[in-house]
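For reference, the structure is listed below as structure tokens.
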Amino acid sequence: MSSTLPFVHQVPKNACVSEQIPFVEYLHLAPTPHLVAHQCTSCGARFFDRRNACASCFGTSFADADIATEGFVRSFTIVSFAAPGIPVPFVSAIIECDGTSVRGNLTNVTADPEHVSLGMKVRLTTYVVGADDAGTEAVNFAFEPVS
Amino acid sequence: MSSGDVWILGINMTKFGKHTDKDTVDLAAQAAMAALADGGVTMADMGVLAAGCLMGGGGIAQMIQKQIGQTGIPAYNVSNACATGATALRVVYMSIKSGECDFGLAVGVEKLSGVGLLSGGNRKDDGKTWNRFGRYGAVASTDGRIGTDTMPGVFAQVGMEYAHKYGGADFKLFAQISEKNHAHSTLNPLAAYQKRFTLDEIMNDMMIAYPNTRAMCSANCDGGAAAVLVSDAKLKTLSLEQQRRAVKISASVLTSDPYEEACQVLPDVNTLTRSAAAQAYAKAGIGPEDLDLVELHDCFATAELVHYDNLGLCKPGEAADFFKSGATWRDGSTPVNVSGGLESKGHPIAATGIANVWEVCHHLRGEAGDRQIQGAKVGLAHVIGLGSACGIHILEKSGL
Chain A
74 MSSTLPFVHQ
84 VPKNACVSEQ
94 IPFVEYLHLA
104 PTPHLVAHQC
114 TSCGARFFDR
124 RNACASCFGT
134 SFADADIATE
144 GFVRSFTIVS
154 FAAPGIPVPF
164 VSAIIECDGT
174 SVRGNLTNVT
184 ADPEHVSLGM
194 KVRLTTYVVG
204 ADDAGTEAVN
214 FAFEPVS
Chain B
111 MSSGDVWILG
121 INMTKFGKHT
131 DKDTVDLAAQ
141 AAMAALADGG
151 VTMADMGVLA
161 AGCLMGGGGI
171 AQMIQKQIGQ
181 TGIPAYNVSN
191 ACATGATALR
201 VVYMSIKSGE
211 CDFGLAVGVE
221 KLSGVGLLSG
231 GNRKDDGKTW
241 NRFGRYGAVA
251 STDGRIGTDT
261 MPGVFAQVGM
271 EYAHKYGGAD
281 FKLFAQISEK
291 NHAHSTLNPL
301 AAYQKRFTLD
311 EIMNDMMIAY
321 PNTRAMCSAN
331 CDGGAAAVLV
341 SDAKLKTLSL
351 EQQRRAVKIS
361 ASVLTSDPYE
371 EACQVLPDVN
381 TLTRSAAAQA
391 YAKAGIGPED
401 LDLVELHDCF
411 ATAELVHYDN
421 LGLCKPGEAA
431 DFFKSGATWR
441 DGSTPVNVSG
451 GLESKGHPIA
461 ATGIANVWEV
471 CHHLRGEAGD
481 RQIQGAKVGL
491 AHVIGLGSAC
501 GIHILEKSGL
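Quick mapping for you: the protein sequence lines, in order, are chains A and B. Here the working numbering is used: the first residue of the first sequence is 74, the next is one more, and so on. Here the working numbering is used: the first residue of the second sequence is 111, the next is one more, and so on.
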């Protein structure tokens, strides 16, 4: 059986052609991976989820705003106990990206206090979380040190 | 002529720890009956009841009534994260302040023994095909994949953010805060844990979320606490002994978190605490330098440090030096968490915001036994509920 449709139920997990979707709606994969916030058009406050009115100024108009993909670590923790299925230890961090605070994991760095430091410069990167039964890959973001 | 003040007439906390033979209603009833007896009153006197049990579902207030006395009074079921107990207390305070009644009962209770790691996140299981859910349209739980929702991790970041902003705080300093609270707990027979740990033991304990090791995390346990409040006018009609033991609520303040840039990615526990503290000091006409003891929300060692600053116990940015000076040990200038704090006394969530008031009252009444802070006249009790809510009560000894 053959199909011209690339993404049907029967596509095996290891199919060469696979669709990729962002792990969360505020991650945009094209043209290059970056985060997009809903920015209040009145005061500039940025939100990664949807709001009925701005939490800061109560304005009701929002526009998409691209978030800088480089920043620095303003705070972090190294989590050793987490939900089932989450590899530990991992680094959770608050990244300041050109004035906008972003939450994410650090990657491509050893998860210990000798290798992670407050103020370290990082940039956004992506990785495949996994594929579902239809072969669709979910792509998540994380931050890696800028060497 | 009444001052319009509201007083604590009776108050009690159960032993915190593992109560395998009691459910939440048993523990709540035990604390409530003891608080009523402590105040020399009964359910027949109460004009209002407010109660909370955060993890136990709704209706705890009515369940308590059925256990100790159903009189038809208004009953409020309160839920406000870790500030639930303080919120119940404040509901009763407001009812009396408004003139609706002269007496009221506030109760907080929780059973948490063996619950394990607490998380605020969505733990929906990953499905067989990606489906978006939640406020961020995520295809699976974001907890652990986009930062952490676990409480030890969130509060680790709160402490590390302060360390980044002001310097002077590191793993060792956070562990030393925990060392202090565990040392204090050895004098508190109602604490869930009364074991003193060395700094090495704390730093080498199981790491939960750096820099918080297990010993630096609040202890999940069972417990209840209850308080009976009375109007100033009614108190004047009671016995001299009741008036002498009554503790004045000089300020009762509840705040929520105002908008701050980063609050969507890391809960801001600072701004609302600073605001609550400023309001409380203004209402009480008391400054932080007047406090004889403070019970603050050390849900994790990393949290205690930031609240020294938020409560104005030290100059802005100087919390690390303040701690290093020894000020917050029980023989220091501002003893903090002489009960042992949440790290050793335990943190049965909804009970905490009344249990910390009990601790302060115990000292103001001169009834704290081995751990008595001598001559204590004024104290402050603080809680934070993540999300966020902050409750602060300033308490003063009776002048009689």
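Glycine included, each C-beta is placed from N, C-alpha and C at the ideal position.
Within 8 Å of the CB of GLU271 of chain B, the CB atoms of chain A belong to ARG147, SER148, ILE167, in sequence order along the chain. Nearest to VAL219 of chain B by C-alpha distance, out of B:LYS305, B:GLY269, B:THR194, B:ARG475, is B:THR194. MET153 of chain B has no beta-bridge partner at all, per DSSP. Between ARG384 of chain B and chain A, the shortest Cβ-Cβ separation is not below 7 Å. Distances from the CA of LYS194 of chain A to each of A:ASP205, A:GLU217, A:SER134, A:GLN112 were compared; the closest alpha carbon is that of A:GLU217. The beta-carbon separation of VAL116 of chain B and ILE206 of chain B, rounded to 5 Å, stays under the 8 Å limit for a contact. Residue burial is scored here from C-beta neighbours: SER112 of chain B has fewer than 16 other C-beta atoms within 10 angstroms and is therefore classed as exposed. Between the alpha carbons of ALA139 of chain B and VAL404 of chain B lies a gap of roughly 27 Å. Look at ASN420 of chain B here: in three-state DSSP terms it is helix. Against chain B, the CB of GLY177 of chain A has a partner CB under 7 Å away; the residue lies at that interface.
Legend: CB atoms of the region 277-291 of chain B lying less than 8 Å from CB atoms of chain A belong to residues PHE281. Exclusion of the five residues before and after GLU370 of chain B leaves ASP378, THR381 as the residues of its chain whose Cβ lies within less than 6 Å of its Cβ. If the five residues before and after ASP137 of chain A are omitted, its C-beta is found closer than 6 Å to the C-beta atoms of VAL109, all from its own chain and listed in chain order.
Look at TRP117 of chain B here: in three-state DSSP terms it is strand. Uninterrupted alpha helix (DSSP H) stretches at least 4 residues long and entirely within the region 246-308 of chain B occur at 261-276, 281-295, given in chain order. The criterion of a C-beta distance shorter than 7 Å is not satisfied by ILE167 of chain A and LEU415 of chain B. Chain A places no beta carbon closer than 7 Å to that of HIS473 of chain B, leaving this residue out of the contacts. Apart from sequence neighbours up to five positions away, the residues of its chain that approach ALA387 of chain B with a beta-carbon distance below 7 Å are ASN420, LEU421, GLY422, ILE502, ordered along the chain. Nearest neighbour of ASN190 of chain B by Cα position, chosen from B:GLU506, B:SER385, B:SER328, B:CYS500, turns out to be B:CYS500. Taken through DSSP and simplified to helix, strand or coil, SER341 of chain B comes out as strand. Annotation: GLY127 of chain B to ALA301 of chain B spans about 7 Å, alpha carbon to alpha carbon.
In this structure, the beta-carbon distance from LEU197 of chain A to THR142 of chain A falls below 7 Å.
Within chain A, no C-beta atom comes nearer than 9 Å to that of MET326 of chain B; the closest sits roughly 12 Å away.
Taking a Cβ-Cβ threshold of 9 Å, the residues of chain B close to GLU98 of chain A are ARG242, TYR246, GLY247, ALA248, in chain order.
Distance from the CA atom of GLU210 of chain B to the CA atom of MET156 of chain B, rounded to whole angstroms, is 11 Å. At least one C-beta of chain A is nearer than 7 Å to the C-beta of THR239 of chain B. With 16 or more other CB atoms across the displayed protein chains lying within 10 angstroms of its CB, ASP332 of chain B is buried. For ARG200 of chain B, the enclosing alpha helix (DSSP H) has its first and last residue at 194-207. Within the DSSP secondary-structure output, VAL404 of chain B pairs in a beta bridge with B:VAL446, B:LEU490. Of all C-beta pairs linking the region 310-329 of chain B to the region 237-256 of chain B, fewer than three are shorter than 8 Å, placing the two stretches out of contact.
Proximity of SER115 of chain A to chain B, defined by a Cβ-Cβ separation below 7 Å, is not satisfied. In summary, GLN180 of chain B is exposed, with fewer than 16 beta-carbon neighbours lying within 10 Å of its beta-carbon over all protein chains present.
Annotation for MET317 of chain B: the continuous beta strand (DSSP E) segment containing it runs 317-320. By the Cβ criterion, the region 117-126 of chain B is in contact with the region 334-346 of chain B, since at least three pairs of Cβ atoms, one from each stretch, lie closer than 8 Å. In this structure ARG440 of chain B touches HIS294 of chain B by the C-beta definition: roughly 6 Å separates them, less than 8 Å.
Look at MET317 of chain B: its C-beta is under 7 Å from a C-beta on chain A.
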